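Working notes, structure below.
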Amino acid sequence: MEKTTSPRFNVRTADWDLFRSTLAAEVGGIPETDINCMAEGIDRAIKLAANRSMEKCRSGNPLGKNIWWSPELSTLRRDLTRARRQGLRAQDRPVYNAMRNNFLTEIRKQKMAAWKVFANDINEKQWGKAFKWAKSGSKRDNSVPSTLIRPDGNSTRDCRETAELILNTFVPSDPDQGVWQHIGPLEVKERPDPTDIKAAIWRIKPSSAPGVDGITAGMLRKAWQVLWGPITDLFGRCLSEGKFPEPWKKARLVIIPKPGGGEKDRPKSYRPISLLPVLGKALETLIIKAIDTETNLNSFIEQHGFTIGKSTSTAIKNLYTWVDASKARHVFGTFLDIAGAFDNVKWAPLLEQLRTLGASLNTLSIVNSYLTNRWANYELENVHYSKKLERGCPQGSQLGPTLWKVAITPIYSTAKGATMKIITYADDILLLVGAVRPPTAFKRIEGALDLLSSWASLYALEFSASKSQLLSIKGGLKPGYSVGFGTAPDAARIESTATAKYLGVILDPRRSYWAHIEAISKKSKDMYRRLRALRSANWGLSRTTARIIYKGVFLPRITYAAEAWKDGTKLVKSQKVLNSAQRASHYKRIQDGFNELPCSGCGYITT
């Protein structure tokens, strides 16, 4: 625990010529003794150049909580308070009411003036604060309460206990880590192509949040012209020696509320994000390229997440393609939920599986180095708390998704024969089982869940039966049945449901997608109701901005995975609901070019 402040640079104030000239003067001082010293030297040079060429970001709102407050309001409030204390309210009520009404009128005037400025800002910055408000509403609050509920039901007593609870939840301990070893000579790797390193850096958004060092991808882009040589040498040494630099293993942990809300005093209502050093993320991209080249990881066609050319639509299409081809009278889908998959996966079996897939010793060594001696730093009330990682793939890293794909590959052998199929999207696992009679299918599901539980136990993972779903996809069996999570007599039960939400799409046995269409329609109406408040005859949202938001937000939202549920738009009631969602917007008056605009994917016409 330490009380420090992480650097955050305001790149908008940067003098990039001074930044590069300072870097050029510091390049010669970067040590080449070992990998860690080189990484520290490059980081130090960039931060020194940033300190000299740009300002640091200031935290907090200098105008206070109410940005509409003005000096006139302060004067009016002071006069009104003085008059009330002097007894004017009792002595001359009409005069006091006039002063009060004048004060309230000025508040409304200042609020409206500030709101107009806020609304007009959307024309300059279409995806700025005004749009974020319209998209998420004013109830968006990413703050974490200072007191949380422990698993035993007791509350934390202070910020230190709260921070420790958060770290213990999202950075779980592993007293039985096991030791992974693979002895052999490392290969001499060629120096990587600077073009590949540049592409890895440019792959990261310039505005993405920095790690604990405060260095952003945008700063690296400006520094590349000067530092490409030392960075290329360092990356080459890392890949040849199988080592990941220690300075790039420190993550800044940020937790954000999960969609849909939940109890804010429960740690599981939040999702962890690891903000990592950008240079380390660029090196991770080269490690991913080596894994893809050396292994057959991308040959597992059942995985639709983190895979080029695959998406939610391909996963759902694969689901129904298999169901339609199945000769079984009944097909059931078991949608499985893993509790904290990325945070809990064990490293030793993961590395062993990576070796089984054919990774070279160099790649195995650098992945092992990448995982070991990692630290998560969490800040609460300007105090930093740290904990060492003992398992899990950092969420927010480049390499984490690939390592998860490695860990999940053994489960595909669970689906044996023509009556069983497994489809995955990241850590979302769908088990499809067919049979002539439902009891036979239930037995097969429970047998497959035994095998999946064994795999989960090997990787220190745990399925959640209460959050898993069971749906009759073919055969029309109505809800009221359940299956055990395995064949054990005391196994938890997975209850059947009328619909199942899979990858953001609500599935139903009839494939009508009515529940899904109704849900997205309501969600879009809520957003456009807020957007209406940003529009008036002579201020606020312009026609050009309205068109941009309509085409960039409304259509992508309403047509998400539309290739999968487009047949649902054949229902008359679905067409009415979708068209109603568009008519809810006041933009009807200003959408000159939106009439008869084909909706990509689902094929219906917006009118």
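Numbering-wise (the numbering used here), the sequence shown opens with residue -8 and increments by one.
In this text, a Cβ means the ideal position worked out from N, Cα and C, and glycines have one as well.
Because the structure is a prediction, the values reported are computed rather than measured.
Locate the beta strand (DSSP E) running through residue i, then write down its first and last residues.
i           : result
residue 425 : 419 to 426
residue 323 : 321 to 327
residue 266 : 261 to 266
residue 491 : 491 to 493
When DSSP builds the beta bridges, which residues end up paired with residue i?
i           : result
residue 294 : 415
residue 369 : 244 and 376
residue 496 : 493
residue 0   : 47
residue 140 : 146
residue 486 : 473
Assign residue i to one of three DSSP states: helix, strand, or coil.
i           : result
residue 476 : coil
residue 285 : helix
residue 53  : Residue confidence for residue 53 is low, a pLDDT of 38 falling below 50, so the modelled location carries little weight; the figure read from the coordinates is stated next. Looking at residue 53 - three-state DSSP - the assignment turns out to be coil, as it is neither helix nor strand.
residue 356 : helix
residue 98  : helix
residue 577 : Confidence at residue 577 is low in this model, with a pLDDT of 41, below 50, so the placement of that residue is unreliable and no value is reported for it.
residue 526 : strand
residue 531 : strand
residue 384 : coil
residue 176 : coil
residue 553 : helix
residue 389 : coil
residue 107 : helix
residue 513 : helix
residue 562 : coil
residue 404 : helix
residue 207 : coil
residue 504 : coil
residue 38  : helix
residue 409 : coil
residue 151 : helix
residue 627 : For residue 627 there is no data in the structure shown, the boundaries of the chain being -8 and 598.
residue 21  : coil
residue 610 : Residue 610 is absent from the structure shown; the chain starts at -8 and stops at 598.
residue 220 : helix
residue 543 : helix
residue 121 : helix
Shorter than 9 angstroms from the beta carbon of residue i to some beta carbon of chain B?
i           : result
residue 331 : Absent from the structure: chain B. Only one protein chain is present.
Considering only residues of the same chain and omitting the five flanking positions on each side of residue i, which have a CB-CB separation below 6 angstroms?
i           : result
residue 366 : 241, 377 and 379
residue 147 : 138, 139, 153 and 156
residue 552 : 303, 304 and 496
residue 22  : 28 and 32
residue 193 : none
residue 417 : 296
residue 8   : none
residue 61  : 101
residue 202 : 243, 266, 267 and 268
Residues in its own chain within less than 8 angstroms of residue i by CB, not counting five upstream and five downstream?
i           : result
residue 80  : 74 and 87
residue 179 : 231
residue 291 : 396, 400 and 403
If you follow the alpha helix (DSSP H) that residue i is in, where does it begin and where does it stop?
i           : result
residue 249 : Taken as a continuous stretch (DSSP letters only), residue 249 belongs to no alpha helix (DSSP H), as it is neither H nor E.
residue 117 : Here residue 117 belongs to no alpha helix (DSSP H), and DSSP marks it neither H nor E.
residue 188 : 185 to 193
residue 309 : 303 to 316
residue 364 : Here residue 364 belongs to no alpha helix (DSSP H), and DSSP marks it neither H nor E.
residue 343 : 338 to 347
residue 239 : Premise fails: residue 239 is in no alpha helix (DSSP H) and is neither H nor E.
residue 11  : 7 to 17
residue 333 : 332 to 335
Kindly list the residues whose CB is nearer than 7 angstroms to the CB of residue i, restricted to its own chain and excluding five residues on each side of it in sequence; keep chain order.
i           : result
residue 449 : 340
residue 539 : 117
residue 53  : In this prediction, residue 53 scores a pLDDT of 38, lower than 50, which makes its location untrustworthy; the coordinate-derived value is nonetheless stated afterwards. So no residue of the chain qualifies.
Next on the checklist: In chain order, what are the residue ranges of uninterrupted alpha helix (DSSP H) at least 4 long that sit wholly in the stretch 426 to 470?
Outcome noted: Runs found: 429 to 449.
Next on the checklist: Could you tell me which whole alpha helix (DSSP H) segments of length 4 or greater appear in the stretch 60 to 92?
Outcome noted: Fully enclosed alpha helix (DSSP H) runs of no fewer than 4 residues occupy 62 to 76 and 79 to 82 of the stretch 60 to 92, in order along the chain.
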